[in-house]
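If you're matching positions, the sequence shown starts at 1 in the working numbering and goes up one per residue. To keep things clear, I will list the structure first and then write my remarks on it.
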Amino acid sequence: MKKLIKIGAIKEKEIEREAIDITVERSKSETLKRKKAQRLQPEYPKPEEYRGYEPPLRSGKERPVVPGVKNEEIDRLQRKMEELQKTISSIRAPDIQKTSADQAAAMQQMTDDLQKKLESLVNATANISKKQQVIDLETKLSRIENAVDKIQSKPGGGGITIVTEGGEPVTTPVIFEFPRVADELKSTGIITVGQKSVGDVRGIPAMLALPKSEKSKKISSEWEPTESSTVNIRYALIEPYAYVNIRWNEKTQEVVYTLIEPPLTKKENEVLKKLMEMVVDLLDINLMNVTEMGAVKKYLRDKVDMLIEDYGFELTKSEYDKVNYYMDRNFLGLGTIEPLMQDPEIEDISCDGVGVPIFIFHRKYGSMKTNIVFEQDEELNKFLTKLSQRCGKHISVADPLVDGALPDGSRLQATYSSGGDIATKGSTFTIRKFTKDPLTIVDLMNFGTIPSTMAAYLWLAIEFRSSVLIAGGTATGKTSCLNTLCLFLHPETKIVSIEDTPELALPHEHWVAKISRTGYGPDIGGEGRKRGEISMYDLLRAALRERPDEIIVGEVRGKEAYVLFQAMATGHAGMATIHAEATEAVINRLITAPISLSPGLLQHLNLILVMTNTRIKGVDVRRVKEVVEILGVDMKSEKPYTNQLFKWVPSGDYYEFSSDKSYILNKIVGEKGISEGSVWEELQRRTAVLEWMKKEGIRYYKDVGRIIAIYYKNPDDILKRVFGEKT
Ligand SMILES: Nc1ncnc2c1ncn2[C@@H]1O[C@H](COP(=O)(O)OP(=O)(O)OP(=O)(O)O)[C@@H](O)[C@H]1O
Ligand SMILES: [Mg+2]
């Protein structure tokens, strides 16, 4: 009788049935052979047996004759299809045994789908009669090829070697990120995982059969093809002139953001060029400081009209409109990138140098190329000068770095390079676009970044003056999260915020927003300071004298952290962001140079939130990876005691809450002299309030701020709305 190996909770019978099911899915002759073999040899098929398995070749099929298409071309496509079929089968067989049950199900589903698609293409080939059908076939084939490539992503080095019980080692053709897969496999309890390096997963059972429930599961998100490969959308940026088409480019196999603007005729081009040259002399206001856009637009239009009349340009209505679109775009806007600035879906715009397309980060489709390129050094440098001036700053070879805020609040980082001196491809810039409509806790709940219980907990923690650091990598949403949490502050709190560029937007009346200033000229005093420079450190020291209840620091990087922690130590509550990707990294950054805090100061910090961004089901998402309470510092080891209260579980995209041990909630119990149950009730009430806001679509920051403000003063008012009149 065959020996079955217990696999976690999977019942032996199920394993047996499934092993047969998998066999049945193979070609008929293969199935018969295998069924016979199975009767003789009841063990599960050995992985190495799969290696010899190949799907029946289809070369016997007749090649259709298509007018205008060479026979060789059709042969080539047929060969490609055969190759792909082989490849897909070779992925399928060994990998079913290698992964966790979940992954194997996903893998099988995906390869099944691909195989089906390919099958239908093969069948369709027989009836092809037109050239266009051949072109379509090729396109579809490349999509399948692309998907297969993704499954077989090759980050270098061989596959994973599986050592089966009693079998020879088999190396899979699919390469997985070893530590992650190893961890996942370990956590399933199904196998024991070997040590050493990639290629050492030991102890996997001879056949990891899938329980039925796993097999019928929907494909897991990590295998789901991204939407990007089929995207083709168009929307207006500046109506009726500028549009964008976001589309998958078959040739380059990428999504491209194509800006479409009205093309100019030779005559229109000449008129525009002349007007641009001449209007500069007529403008006697500084367009760089434009805030009243309507009035300035009219002012510019008047000047243009005057010039058109003076020079006797004869323009039709449509020519006139087009020329004025470009005049507005270049004089009032940011020129070529102005339409991108108007796209609310864009988070960042970045230029990596001359001759390189400008990249954007799209909220839905992620990072992609645009069709905008600066071809000349001079053109890009001129543009950078203009951008810097708009921030009220100066950029040049001598002063090549600018960090500033554009008039609309967007954050600019620019590097001026001449002849590739400090950046090899020439000058660069990145614009983090400002949104006038900041994200709120309701948005973060809708995006799945923060679940409502975590939000309610943070609300309570912030009300009870906890100091919070929000950590994460670049663009993980730290500043947005900081802004969101500030809305939980009591409406009467005196807040002083300190930032390099103004990004925060709060509804609180008692809020003083301070912005640091870079100096000019050479360094003075040998401290790397320039004349006129006001650093975050200077501002923070000054702010302490203003007796704030809450101090917000946009981002801590240097010695300002020391002042912030001193402030926390003297009873102020503080919140800030910090660039670090895990709790330990936050602590390390704080106690090593250039911040160099004494470890004892860490006890004044109460909470660390770690943010991350990742891709789930083809969509970029942000998540709070963990919420960690700081309980104190062990003075001997100089390490803080931490308590991970919330933990995000990526595999199921859910959160785990260690509800039995919150230090902060316990502190509230002590401070207020109330029972634990009472704090829990309050936590639940606030969760309900937040869920209600989400349900009602109350998300605008002033509205969310107002609800929170009312809740502080008259909670029953809000609770009546949340629960109805019963409360
Ligand atoms: N939870 C979220 N879900 C979706 N988009 C978000 C989320 N949080 C922030 N964003 C968007 O991501 C972009 C970057 O956000 P933000 O500026 O807050 O990141 P950051 O971590 O502070 O970046 P940096 O490291 O550059 O300071 C913004 O366009 C913002 O609108
Ligand atoms: Mg930030």
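The beta carbon of each residue, even a glycine, is placed where N, CA and C say it ideally should be.
Euclidean distance between Cα positions of residue i and residue j
i: E671; j: G472; result: 31 Å
i: E345; j: R363; result: 5 Å
i: R541; j: E492; result: 22 Å
i: P407; j: I595; result: 32 Å
i: L597; j: S516; result: 22 Å
i: A513; j: F429; result: 26 Å
i: T570; j: A543; result: 14 Å
i: L564; j: L283; result: 46 Å
i: R411; j: T614; result: 23 Å
i: N127; j: K70; result: 16 Å
i: D717; j: L489; result: 19 Å
i: K117; j: V621; result: 30 Å
i: A414; j: I708; result: 39 Å
i: R143; j: N371; result: 23 Å
i: V256; j: S350; result: 14 Å
i: G652; j: K617; result: 12 Å
i: V704; j: I698; result: 6 Å
i: R432; j: M81; result: 45 Å
i: E49; j: G448; result: Because E49 carries a pLDDT of 38, less than 50, the predicted location of this residue cannot be relied on, and the following value inherits that uncertainty. So the two alpha carbons sit approximately 45 Å from each other.
i: V373; j: A576; result: 37 Å
i: T316; j: L272; result: 14 Å
i: G203; j: D112; result: Here the model assigns G203 a pLDDT of 33, short of 50, so the residue's position is not dependable and the matter cannot be decided.
i: N269; j: L300; result: 18 Å
Any non-hydrogen atom of ligand 2 within 7 Å of residue i CB
i: K478; result: yes
i: T316; result: no
i: T570; result: no
i: T430; result: no
i: T415; result: no
i: T577; result: yes
Close Cβ partners of residue i (< 6 Å) along its chain, the five nearest in sequence each way excluded
i: I450; result: L444 and V624
i: D343; result: L237
i: I441; result: A455 and T484
i: M568; result: S467, G574 and H604
i: M536; result: I498, S516 and E560
Cβ-heavy atom distance, residue i to ligand 1, below 7 Å
i: E499; result: no
i: K436; result: no
i: R622; result: yes
i: L444; result: yes
i: E555; result: yes
i: E347; result: yes
i: K625; result: no
i: G439; result: As written in the sequence, residue 439 is Leu, which differs from the Gly given in the question. Yes, since a heavy atom of ligand 1 falls inside the 7 Å radius drawn around the Cβ of L439.
i: F447; result: yes
i: T474; result: yes
i: K433; result: yes
Cutoff 7 Å; reference residue i; Cβ partners in own chain excluding five residues on either side
i: Y241; result: E261, P262 and Y325
i: H508; result: L489, P491, T493 and I495
i: A580; result: A471, V586 and R589
i: I395; result: L384, T385, S388, V402, A414 and Y416
Assumed close pair residue i, residue j - CB separation to whole angstroms, cut-off 8 Å
i: S418; j: V397; result: 5 Å
i: V649; j: E626; result: Rounded, the Cβ-Cβ distance is 11 Å, inconsistent with contact.
i: L487; j: I552; result: The Cβ separation is near 12 Å, so there is no contact.
i: F464; j: K667; result: 7 Å
i: I587; j: L601; result: No, I587 and L601 are not in contact; Cβ-Cβ is about 11 Å, not under 8 Å.
i: L683; j: L387; result: That pair is no contact at about 47 Å.
i: T583; j: V619; result: Actually they do not touch by this definition, with Cβ atoms about 26 Å apart.
8 Å Cβ shell around residue i - same chain, five flanking residues per side excluded
i: I710; result: D717 and I718
i: Y641; result: I630, L631, G632, V633 and D634
i: L121; result: M81, L137, K140, L141 and I144
i: I246; result: V231, N232, I233, R234, V255, V256, Y257, T258, H362, Y365 and M368
i: A375; result: Per the sequence presented here, residue 375 reads as Glu, with Ala not at that position. Answer for E375: V354 and G355, listed in chain order.
i: L77; result: T125, V134, L137, E138 and L141
What ranges does the alpha helix (DSSP H) occupy inside the segment 379-466, keeping only unbroken runs of at least 4 residues that lie completely in it? Runs of the alpha helix (DSSP H) inside the segment 379-466: 441-446 and 452-463.
Return the chain-ordered ranges of every beta strand (DSSP E) run that is complete within the segment 477-524 and spans a minimum of 3 residues. For the segment 477-524, whole beta strand (DSSP E) runs of length 3 or above, ordered along the chain, are 495-499, 511-515 and 520-524.
In chain order, what are the residue ranges of uninterrupted alpha helix (DSSP H) at least 4 long that sit wholly in the segment 583-634? Segments of the alpha helix (DSSP H) lying fully in the segment 583-634: 583-591.
Residue ranges of each beta strand (DSSP E) run of no fewer than 3 residues wholly in the segment 228-301, ordered along the chain? Restricting attention to beta strand (DSSP E) runs no shorter than 3 residues, the segment 228-301 encloses them at 232-238, 242-249 and 254-260, ordered along the chain.
I'd like the ranges of any alpha helix (DSSP H) spanning at least 4 consecutive residues and lying wholly in the segment 309-345. Counting whole runs of 4 or more residues, the segment 309-345 contains the alpha helix (DSSP H) stretches 317-331 and 338-341.
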